[in-house]
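Scroll down for the structure; my scribbles are underneath it.
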Amino acid sequence: LYYDVHQADRIEKHIYYADGTFQFERETQSAGFVADLFDIPNEKDNGTASKKQELHHLGDKLQYNNFDVQPGWPDWSRYYYRPGVALVRLPDVLTTSTSTSNGDTTTATTNQTATVQSVLVLQNLRGMKPPAQPINLTSISTGSHPYHSIPLGQSRYFLNHTTPISQDEIDQYIHNPHQSSSSPEITMITKMKKIPLVVDDEEGGENNVMPPNDLVERNREFCKQMVQVDKRMTYLGSSMEEYLHELLL
Numbered sequence: 044l045y046y047d048v049h050q051a052d053r054i055e056k057h058i059y060y061a062d063g064t065f066q067f068e069r070e071t072q073s074a075g076f077v078a079d080l081f082d083i084p085n086e087k088d089n090g091t092a093s094k095k096q097e098l099h100h101l102g103d104k105l106q107y108n109n110f111d112v113q114p115g116w117p118d119w120s121r122y123y124y125r126p127g128v129a130l131v132r133l134p135d136v137l138t139t140s141t142s143t144s145n146g147d148t149t150t151a152t153t154n155q156t157a158t159v160q161s162v163l164v165l166q167n168l169r170g171m172k173p174p175a176q177p178i179n180l181t182s183i184s185t186g187s188h189p190y191h192s193i194p195l196g197q198s199r200y201f202l203n204h205t206t207p208i209s210q211d212e213i214d215q216y217i218h219n220p221h222q223s224s225s226s227p228e229i230t231m232i233t234k235m236k237k238i239p240l241v242v243d244d245e246e247g248g249e250n251n252v253m254p255p256n257d258l259v260e261r262n263r264e265f266c267k268q269m270v271q272v273d274k275r276m277t278y279l280g281s282s283m284e285e286y287l288h289e290l291l292l
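Following our numbering, the numbering of the sequence shown begins with 44 at its first residue and continues without gaps.
In structure tokens form, the structure reads like this:
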């Protein structure tokens, strides 16, 4: 499937293939694979939510194959920088559009309906781990939750997950290097349109649910390099991801 998100004057597609490979339409941090996928429990809405609404949403961990090490970062961080996001599928929305055609003697009006599928993508601006707070899907779908007002294809920022904040407040927070671990959390939340990838079952038909070969080869080559780095790090390898996360808090 892929997601559409508006970036400045363009639409950026985020494509996730069936094997966990992904590719984003941007220059850097744009390709790799999902290194982990896990459940995050949703809020049960005091027992009034349906079983479907109580289903968990997902957290993930992304491994980029083209991450450029930041100035001052150690070289090994290229292989242990695995930022994560939380993904919440929103209830489908039925939309109706009207078109009018003029004939020689009559005017015809046609109503077309379409189902819009969308997800919320939540990312903390400190550290690498995704937000793990419960999400009340009922309040989002009924409009009583602040996430409901996020326009499709755009991002908004929230303090402690619920209070909208301005860009000035974000800049002041991010560029203060002395924030303590008890500082309020700032989360970027994007509402993306979800479009499933399709398979044409006809002979010779297009199959785009699996990644292109060149992307698979790039992931394979990156993994070979990562194995060698793990060997050099010996027993530290498994803990370097957590160490990098703590440095970014």
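Every residue gets a Cβ at the ideal spot worked out from N, C-alpha and C, and that includes glycine.
For residue i, three-class secondary structure by DSSP
| i | result |
| --- | --- |
| Q210 | helix |
| Q271 | helix |
| I193 | coil |
| N89 | For N89, the predicted structure reports a pLDDT of 48, less than 50, and the residue's modelled location is therefore unreliable. A value from the coordinates is still provided. Reduced to three states, the DSSP call for N89 is helix. |
| L202 | strand |
| Y107 | strand |
| I183 | helix |
| M235 | strand |
| Q215 | helix |
| T282 | Looking at the sequence itself, residue 282 is Ser, so the reference to Thr does not match. S282: helix per DSSP, three-state reduction. |
| V112 | coil |
| A61 | coil |
| H100 | strand |
| S120 | helix |
| L258 | helix |
| L137 | strand |
| L291 | coil |
| R263 | helix |
| I54 | strand |
Contacting residues, own chain, Cβ-Cβ under 6 angstroms from residue i (five flanking each side not counted)
| i | result |
| --- | --- |
| K369 | Within the shown structure, residues of the chain are numbered from 44 to 292, placing residue 369 beyond reach of any answer. |
| I183 | Y190 and H191 |
| A157 | T138 |
| P134 | S184 |
| I208 | Y200 and L202 |
Integer Cβ distance of residue i from residue j, believed to fall under 8 angstroms
| i | j | result |
| --- | --- | --- |
| H100 | V131 | 4 angstroms |
| M235 | S161 | 6 angstroms |
| R169 | L291 | 6 angstroms |
| F76 | Q106 | 6 angstroms |
| P173 | Q166 | 7 angstroms |
Cβ pair residue i, residue j closer than 9 angstroms
| i | j | result |
| --- | --- | --- |
| T138 | N109 | no |
| V252 | V241 | yes |
| I229 | I213 | yes |
| A74 | N256 | no |
| Q215 | Y200 | no |
Nonlocal neighbours in the same chain, by C-beta distance under 8 angstroms from residue i, ignoring five residues either side
| i | result |
| --- | --- |
| L287 | S120, Y123, Y124 and M171 |
| A175 | I83, G102 and A129 |
| Q113 | S120 |
| T205 | P189 |
| G81 | Checking the sequence shown, residue 81 turns out to be Phe, not Gly. Here the set comprises L101, G102 and D103. |
Neighbourhood of residue i by C-beta distance below 7 angstroms, restricted to the same chain and skipping five residues each side
| i | result |
| --- | --- |
| P227 | L202 and N203 |
| M283 | W119, Y123 and M276 |
| L195 | S161, K234 and K236 |
| A61 | V252 and M253 |
| M231 | Q166, L168, S198 and Y200 |
C-beta neighbour in chain B for residue i, strict 9 angstroms
| i | result |
| --- | --- |
| G186 | No chain B appears in the structure shown, which is made up of a single protein chain. |
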